[in-house]
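Notes to accompany the following structure.
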Amino acid sequence: MTVRCSWVNEDPLYVNYHDHEWGVPVHDDRKLFEMLNLEGAQAGLSWYTILKKREGYREAFDGFDPEIIIHYDDKKLAELLLHPGIVRNRLKIASVVQNAKAFLKVQQEFGSFDHYIWGFVGGQPIKNHWTDMSHVPATSEISDAMSKDLKKRGFKFVGSTICYAYMQAVGMVNDHNQKCFRYHGVN
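Residue 1353 is where the sequence shown starts when you use the working numbering, and the numbers rise one by one after that.
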C-alpha cells in the first residue's frame, strides 16, 4: 500500500496533485505566477476547492499570462465576476491583475521571478523532517520575510500563511511526511 501525506483525500485529482506536483521544485516563471495566484485564491477556502477549479482559472485568466492580464479592464473584471469556473470574489480577481503588474516589475529587476522568489531559500529547497502532519507549521521566518517583501512590491493576497503554502506547493520547502512515498522523491 502506498503511504501518502494525511491531507490527501481519495479524489484522483488530489492524489495526482500530491504525487506529481506538491513539493516538486518549480522554476518556470509562468507556473510560479499561476501558483502564487491560486494560493491567494485559496485564502479562506481549502486547496481542494481551488484545485478543482484550476482549469477554470487557467481559462478565465488567459493561461496566467501576465502580459495579457495587465491589460484587463473593468469590462473584463466584470466578466470574471460571472465566470462559473473560479471563485467569484472581487478582491481576489482584482489581485491577479495587480499581481501581474508587480510580477513583471520583479522580472525586470531580477531577470526572472524564479531568481527572485528562490532567493528566499538560497536557491535550494528546504527539506523538513516531519513525522506527523500536525507538526508542519503554517508560517515560517522565511514566509514572513517573503510576505513582507511581496507586499512591499505591490502583490496582494500574499500573507505569510499563503506564502508558506506557496513554498510547499512549488517545492521551496519539502513538507512531505517522512513516511510518505514522495518524501525522498521530490528534491
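Beta carbons: idealized from backbone N, C-alpha and C, even for Gly.
Because the structure is a prediction, the values reported are computed rather than measured.
On the DSSP letters alone, give me the boundaries of the alpha helix (DSSP H) that residue i sits inside.
i	result
G1295	Since the first and last residues shown for the chain are 1353 and 1539, residue 1295 lies out of range.
T1401	W1399 to K1404
C1532	Looking at the DSSP string, C1532 is not in any alpha helix (DSSP H), and its letter there is neither H nor E.
I1445	R1442 to F1462
N1361	Looking at the DSSP string, N1361 is not in any alpha helix (DSSP H), and its letter there is neither H nor E.
I1514	S1512 to A1521
H1481	Segment: none, H1481 is in no alpha helix (DSSP H) and carries neither H nor E.
D1496	E1493 to K1504
D1466	F1465 to W1470
Within the 9 Å Cβ cut-off, does residue i reach chain D?
i	result
I1445	Reference to chain D is not applicable here, since this structure consists of a single protein chain.
Taking 8 Å as the cut-off, is the beta-carbon of residue i closer than that to any non-hydrogen atom of the ligand FAD?
i	result
L1388	Annotation note on the ligand FAD: not contained in the displayed structure, which lists no ligands.
Compute the Euclidean distance between the alpha carbons of residue i and residue j, then round it to the nearest angstrom.
i	j	result
N1526	K1504	26 Å
M1353	V1367	14 Å
S1358	H1370	11 Å
F1465	R1410	19 Å
Any idea if residue i is buried or exposed, counting beta-carbon neighbours within 10 angstroms, 16 or more meaning buried?
i	result
S1447	buried
A1490	exposed
S1495	buried
Less than 9 Å between the beta carbons of residue i and residue j, yes or no?
i	j	result
F1509	K1428	no
G1375	V1488	no
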